[in-house]
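Asker: Residue numbers (numbering that gives the first Met the number 0): 0 to 449.
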Amino acid sequence: MKAVVLPRVSYALLLALGLALVSSPVFAGQTAFRQQSVGGVSIDAQGQLTSATPEVKKMLRQEMLAALDKVPGNLATPVKMRKVSLRGLNAIMKSSMETDGELPDAVKYMAGLQRIEYVFVDEANDDVILAGPAEGWTVDENGNVVGLTTGRPVLMLEDFIVAMRSVQEARRAGITCSIDPTAQGRQNLDNYLASLSRMDASVKDGVERALGPQVITVTGVPTSSHFARVLVAADFRMKRIAMNLDPSPVRGLPSYLQMLPSARAVKNAMPRWWLACNYEPMAQSEDGLAWQLRGPGVKAMTEDEYITEDGSVKQSGKTSPLPQKWADLMTANYEELSAEDKIFGDLRNVMDMCVIAALMEKEQLLAKANLDLDMIKSDASPVALEEFPTPSTVPTFFSAMKKGSQWVITASGGVDINSWEVASHTEKVAGMDKLRTEQLASNNKLWWWN
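Okay, structure coming up:
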């Protein structure tokens, strides 16, 4: 979108952003309010998504707490290394479905794991073990399932299932999400701005009406899945923080608008931000039976874009200093941000899962363990995924901030999970073999152990 100077006005940096969803059936056995609210956003009866109100968050939390089982035994204990047997997890899923068709909370929340840090192949027991920090779980004030002491999001089995079943699609084209204005909307907005002679209160409605609904595109995973909703909600929240529509929960991350010394600092560029994988090379043992996922997991990326005469977007291949500075700040503050705004922790969890799924496929770890995860990997599994309304469009919202000259910008962006690229970067690290032996020796023959 071109920068536009409006005569006889002393301010206006404008942003267009929003989100709406199309309705779909509510998945049996799940709470209505979980359907309405994911990642701090809420869907109304018409399928439009906005930030969740305090009332919706309260009702969601009450429903989820009422449905939550008491955390059993040693699962409540915070530990740096909890092990989850995929053979055992698959078996208890099968047993639960044959018994009453309901999965226990311990299974739904993968024994309270908060990250997958290690993968061990247990050849002696024909098993693959996931390991990482874990603790008991509860529901926070926003309806997120989080650790009892850390408040960090726990891993969700439904997201792991999506990651495992989508691994080949991730290999072919990656897993992505973006929210973008339409070409027609950009043309309409340019025409509207060209017709203005001054700024007043009516401009807000005019900008929102001219730009119209924006398009949500999700690739690589089922668009009706919770996984897809995590991608969309994280992108939505990133844009709203960048453009000062929502306050940043982290002191070290101001909005992009607050960082601009003047509107002219954008130099006619339309910044695009997106969230991508941020891992170090994976550590592996000499025998390829132990693996460690290393690095912070997520980083913010940026690139300048420009609008052609027909309203389409082109990437410039260049990066402006100020958008890059904001992206760097988000990356540097991501750990703290994910603790304060749980959707960013959820995003890192699903990225971890995608990388682990790609690793297991690339290295044929299930074949090495003679392990068939029919309940997890197969589309014919009786374990049905919860179906959420499929995100499709975004209504435009308007934000203005006094910055001297009069410029109009918009933010596009998204999420890009290139899990196979991460899984392809490995290095052999001394001591991984010993660590695997030590951790497997503590196996208590249950499907999880500390």
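By construction, the Cβ of each residue, glycine as well, lies at the ideal position given by its N, Cα and C atoms. The model shown is predicted, which means the values in this text are computed figures rather than measured ones.
For the alpha helix (DSSP H) containing Pro320, name the first residue and the last one.
Answerer: The residue given as residue 320 occupies position 321 in the sequence shown. Element bounds for Pro320: Pro320 to Ala331.
Asker: Might you give, ordered along the chain, the residues of its own chain that have their beta carbon closer than 7 Å to the beta carbon of Thr137, omitting 5 neighbours on each side?
Answerer: Within the sequence shown, numbered from 1, the residue matching residue 137 stands at position 138. These residues qualify, in order along the chain: Val145 and Leu147.
Asker: Ignore the nearest five residues each way along the sequence and tell me which others in Tyr255's own chain have a CB closer than 6 Å to its CB.
Answerer: Taking the first residue of the sequence shown as 1, we reach residue 255 at position 256. For Tyr255, where only same-chain residues beyond five positions count, the Cβ hits under 6 Å are Ala241 and Trp325.
Asker: Apart from the five residues on each side of it in sequence, which residues of its chain come closer than 6 Å, Cβ to Cβ, to Trp446?
Answerer: Numbered from 1 along the sequence shown, position 447 holds the residue referred to as residue 446. The residues are Ser84, Gly87, Leu88 and Ile91.
Asker: Closest by CA to Ala368, which one among Glu62, Glu285, Phe396 and Asp125?
Answerer: On the sequence shown, residue 368 is found 369 positions in, with the first residue counted as 1. Ranking the options by Cα distance to Ala368, first place goes to Asp125.
Asker: Which of the three DSSP states, helix, strand or coil, is assigned to Asp104?
Answerer: In the sequence shown, the residue the question calls residue 104 occupies position 105. Three-state result, Asp104: helix.
Asker: With distances taken between CB atoms, is the gap from Ile355 to Val118 smaller than 8 Å?
Answerer: Translated into the one-based positions of the sequence shown, residue 355 becomes position 356. Translated into the one-based positions of the sequence shown, residue 118 becomes position 119. Val118 sits close to Ile355, with the two beta carbons spaced by under 8 Å.
Asker: Decide if Gly412 is buried, meaning its Cβ has at least 16 other Cβ atoms within 10 Å, or exposed.
Answerer: Position 413 of the sequence shown holds residue 412. So Gly412 counts as buried.
Asker: Flag this pair as yes or no: are the beta carbons of Ser247 and Arg435 separated by less than 8 Å?
Answerer: The residue given as residue 247 occupies position 248 in the sequence shown. The residue given as residue 435 occupies position 436 in the sequence shown. Cβ atoms of Ser247 and Arg435: not closer than 8 Å.
Asker: Counting C-beta neighbours from all protein chains within 10 Å, is the total for Thr392 16 or more, i.e. buried, or is it exposed?
Answerer: Reading the sequence shown from its first residue, position 393 is the one you call residue 392. So Thr392 ends up on the buried side.
Asker: Since Ser94 is in the alpha helix (DSSP H), which residue starts that stretch and which ends it?
Answerer: Locating residue 94 in the sequence shown gives position 95, where the first residue counts as 1. Membership of Ser94 in the alpha helix (DSSP H) is indicated by the continuous run Leu85 to Thr98.
Asker: By the DSSP assignment, the beta strand (DSSP E) with Asp126 in it spans what residues?
Answerer: Here residue 126 refers to the residue found at position 127 when the sequence shown is read from its first residue. Element bounds for Asp126: Asp126 to Ala133.
Asker: I need the straight-line Cα distance from Glu140 to Ile342, nearest angstrom please.
Answerer: Locating residue 140 in the sequence shown gives position 141, where the first residue counts as 1. Locating residue 342 in the sequence shown gives position 343, where the first residue counts as 1. Going by the C-alpha atoms only, they are around 13 Å apart.
Asker: What's the gap between the Cα of Ser441 and the Cα of Leu112?
Answerer: Translated into positions along the sequence shown, residue 441 becomes position 442. Translated into positions along the sequence shown, residue 112 becomes position 113. Each residue's Cα considered, the two are about 17 Å apart.
Asker: DSSP three-state call for Met163: helix, strand or coil?
Answerer: Here residue 163 refers to the residue found at position 164 of the sequence shown. Three-state result, Met163: helix.
Asker: Please classify Ser165: is it buried, with 16 or more other beta-carbons within 10 angstroms of its beta-carbon, or exposed?
Answerer: Within the sequence shown, numbered from 1, the residue matching residue 165 stands at position 166. Buried is the call here.
Asker: At 4 residues or longer, and completely inside the stretch 234-304: list those alpha helix (DSSP H) runs for me, N to C.
Answerer: 255-258
Asker: Under 8 Å: do the stretch 163-181 and the stretch 210-225 share three or more Cβ pairs, one atom per stretch?
Answerer: Contact holds: three or more Cβ-Cβ distances are below 8 Å.
Asker: Kindly give me the distance between the Cβ atoms of Ala338 and Arg60, rounded to whole angstroms, as I take these residues to be in contact under 8 Å.
Answerer: Locating residue 338 in the sequence shown gives position 339, where the first residue counts as 1. Locating residue 60 in the sequence shown gives position 61, where the first residue counts as 1. Contact annotation, Ala338 with Arg60: C-beta distance approximately 18 Å; criterion of less than 8 Å not satisfied.
Asker: Would you list the residues sitting across from Gln213 in a DSSP beta bridge?
Answerer: Position 214 of the sequence shown, counting from 1, holds the residue named residue 213. Residue pairing by DSSP puts Gln213 in a beta bridge opposite Val393.
Asker: Can the beta-carbon of Met80 be found closer than 8 Å to that of Leu156?
Answerer: Within the sequence shown, the letter at position 81 stands for residue 80. Within the sequence shown, the letter at position 157 stands for residue 156. Cβ distance not < 8 Å, so Met80 and Leu156 don't count as in contact.
Asker: Note down the Cα distance separating Val127 from Gly287, rounded to an integer number of angstroms.
Answerer: On the sequence shown, position 128 is the one that residue 127 refers to. On the sequence shown, position 288 is the one that residue 287 refers to. So the alpha carbons of these two residues sit roughly 12 Å apart.
Asker: Select from Thr149, Pro320, Glu134 and Gly205 the residue whose C-alpha is nearest the C-alpha of Asn190.
Answerer: Sequence index remark: in the sequence shown, residue 190 carries index 191 (1-based). That would be Gly205, whose Cα lies nearest to the Cα of Asn190.
Asker: So which of Ser194, Gly135 and Met359 has the shortest CA-CA distance to Pro77?
Answerer: Residue mapping note: residue 77 aligns to position 78 of the sequence shown, counting from 1. The shortest Cα separation from Pro77 among Ser194, Gly135 and Met359 belongs to Gly135.
Asker: Give me, in chain order, the residues of the same chain whose beta-carbon lies closer than 6 Å to that of Gly28; leave out the 5 immediate sequence neighbours on both sides.
Answerer: Here residue 28 corresponds to residue number 29 of the sequence shown, with the count starting at 1. In this prediction, Gly28 scores a pLDDT of 38, lower than 50, which makes its location untrustworthy; no coordinate-derived value is stated.
Asker: Under 6 Å Cβ to Cβ from Leu336, same chain only, skipping five residues before and after it: list those, please.
Answerer: Your numbering for residue 336 matches position 337 in the sequence shown. Correct list, in chain order: Val249 and Phe343.
Asker: Closest by CA to Asp179, which one among Pro260, Arg271 and Val202?
Answerer: On the sequence shown, position 180 is the one that residue 179 refers to. Answer by Cα proximity: Arg271.
Asker: By how many angstroms is the C-alpha of Glu168 removed from the C-alpha of Glu386?
Answerer: The count along the sequence shown starts at 1 and reaches residue 386 at position 387. The count along the sequence shown starts at 1 and reaches residue 168 at position 169. Computed Cα separation, rounded: 19 Å.
Asker: Does Trp406 pass the burial test, meaning 16 or more other C-beta atoms within 10 Å, or should it be called exposed?
Answerer: The count along the sequence shown starts at 1 and reaches residue 406 at position 407. With a pLDDT of 49 at Trp406, under the threshold of 50, the predicted position of this residue should be treated as unreliable, and no value is reported.
Asker: Tell me the rounded alpha-carbon separation between Met0 and Arg185.
Answerer: As a position in the sequence shown, residue 0 is number 1, starting the count at 1. As a position in the sequence shown, residue 185 is number 186, starting the count at 1. Model confidence at Met0 stands at a pLDDT of 33, short of 50, so the residue's coordinates are unreliable; what they give is reported in the following sentence. Distance between the alpha carbons of Met0 and Arg185: 7 Å.
Asker: When you compare each of Arg239, Glu426, Lys93 and Val421 to Asp340 by their alpha carbons, which one comes out closest?
Answerer: For the purposes of this step, residue 340 is taken as residue 341 along the sequence shown, with counting starting at 1. Out of Arg239, Glu426, Lys93 and Val421, Arg239 has the C-alpha closest to the C-alpha of Asp340.
Asker: Beta-carbon within less than 6 Å of Lys450's beta-carbon, same chain only, minus the 5 sequence neighbours each way: which residues are those?
Answerer: Nothing in the structure corresponds to residue 450, since the chain is present only between 0 and 449.
Asker: Helix or strand or just coil, what does DSSP make of Asp139?
Answerer: Counted from its first residue, the sequence shown places residue 139 at position 140. The answer is coil: DSSP assigns Asp139 none of H, G, I, E or B.
Asker: Let me make sure I understand the geometry here. Which of Gly296, Met352, Ala282 and Leu321 has the alpha-carbon closest to that of Asn332?
Answerer: For the purposes of this step, residue 332 is identified with residue 333 of the sequence shown, where counting begins at 1. Taking only the C-alpha atoms, the option nearest Asn332 is Gly296.
Asker: I believe Asp158 touches Phe226 by the beta-carbon criterion, under 8 Å. Please report the beta-carbon distance rounded to the nearest angstrom.
Answerer: Walking along the sequence shown from the start, residue 158 turns up at place 159. Walking along the sequence shown from the start, residue 226 turns up at place 227. Going by Cβ atoms, the distance from Asp158 to Phe226 rounds to 5 Å, so yes, they are a contact pair.
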